Amino acid sequence: MNIDLIIQIIIGLVAAFAVYNLIHYIFVTRPGRKRLALAQRIANEAVKTSINQLVDQKAVLPFDESDFKSEDIAEVWGRGVMAFEYHLPKAKIESSIPDFRKALATTLEQYGDTHHMHAHTDQADRPAFMVTDVWQLDDRVHFDVAYLVNVTTIEYVDDLKRLH
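In UniProt numbering, the protein residues as written are 1 to 164.
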């Protein structure tokens with residue numbers, strides 16, 4: 001084989017790889033990140049409002065806004081899963097973890113009802129926000145909230161239910 005032909009093949013493969021990655025980034029990665037960021041902002045607002053309602057109900061003590069953080073967990077569970085992890089200091093939660101979970105689930109459902117947000121599935125309408133897990137690690141209570149805005153997230157929640 002001619003050395004020029006080998007170089008041309010290598011350059012062609014590198015160019016094809018670069019073009020593929022650029023197209024993938026423009027049409028898949030960037031829009032996916034934008035959807036995730038929007039879903040996280042919406043979920044953050046719902047969770048923050050619900051937690052503040054629990055503060056008003058004295059189920060949670062007032063807390064510093066810097067204590068309220070969220071992280072997406074989509075990288076763990078797969079692309080398109082709109083689920084986010086939150087945590088608060090354990091000392092700020094007045095009830096047991098199961099009671100906190102139930103109260104948070106109720107206030108999130110009320111938030112969805114108030115804002116006319118529901119997940120429409122074949123079975124029935126479901127709350128738009130679901131608490132999928134709550135646990136304590138050291139001095140913090142962590143909880144995951146799924147925003148049922150797409151089929152991938154609904155399937156994720158259904159899979160979690162099957163595991164329990």
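Cβ coordinates follow ideal geometry from the N, Cα and C atoms, glycine included.
Just so it is clear, the structure is predicted and the values come from calculations on it, not from any experiment.
{"Check": "DSSP-derived helix/strand/coil call for ASP56", "Outcome": "helix"}
{"Check": "Given TYR147 as reference, the closest of ASP72, VAL28, ASP139 once Cα atoms are compared", "Outcome": "ASP72"}
{"Check": "Span separating the alpha-carbon of ARG126 from that of VAL157", "Outcome": "11 Å"}
{"Check": "Whether VAL134 touches ALA43 by CB criterion (7 Å)", "Outcome": "no"}
{"Check": "6 Å Cβ shell around ALA128 - same chain, five flanking residues per side excluded", "Outcome": "GLY112, MET117, HIS118, ALA119, LEU148"}
{"Check": "Residues near ALA59 in its chain [Cβ-Cβ closer than 6 Å; skip 5 each side]", "Outcome": "GLU94, SER95, ALA103"}
{"Check": "Length of the line joining the Cα atoms of MET80 and LEU38", "Outcome": "Note that residue 80 is Gly in the sequence shown here, rather than Met. Their Cα atoms are separated by approximately 12 Å."}
{"Check": "Nearest to ALA83 (by Cα), restricted to the options LEU61, LEU160, ASN2", "Outcome": "LEU160"}
{"Check": "Beta-carbon gap between HIS142 and HIS87 smaller than 7 Å", "Outcome": "yes"}
{"Check": "Spatially closest choice to VAL131 from HIS115, THR121, THR153, by CA coordinates", "Outcome": "THR153"}
{"Check": "Close-in-space but distant-in-sequence residues of the same chain around ARG35 (CB under 7 Å, 5 per side omitted)", "Outcome": "none"}
{"Check": "Secondary structure of PRO89, DSSP reduced to three states", "Outcome": "strand"}
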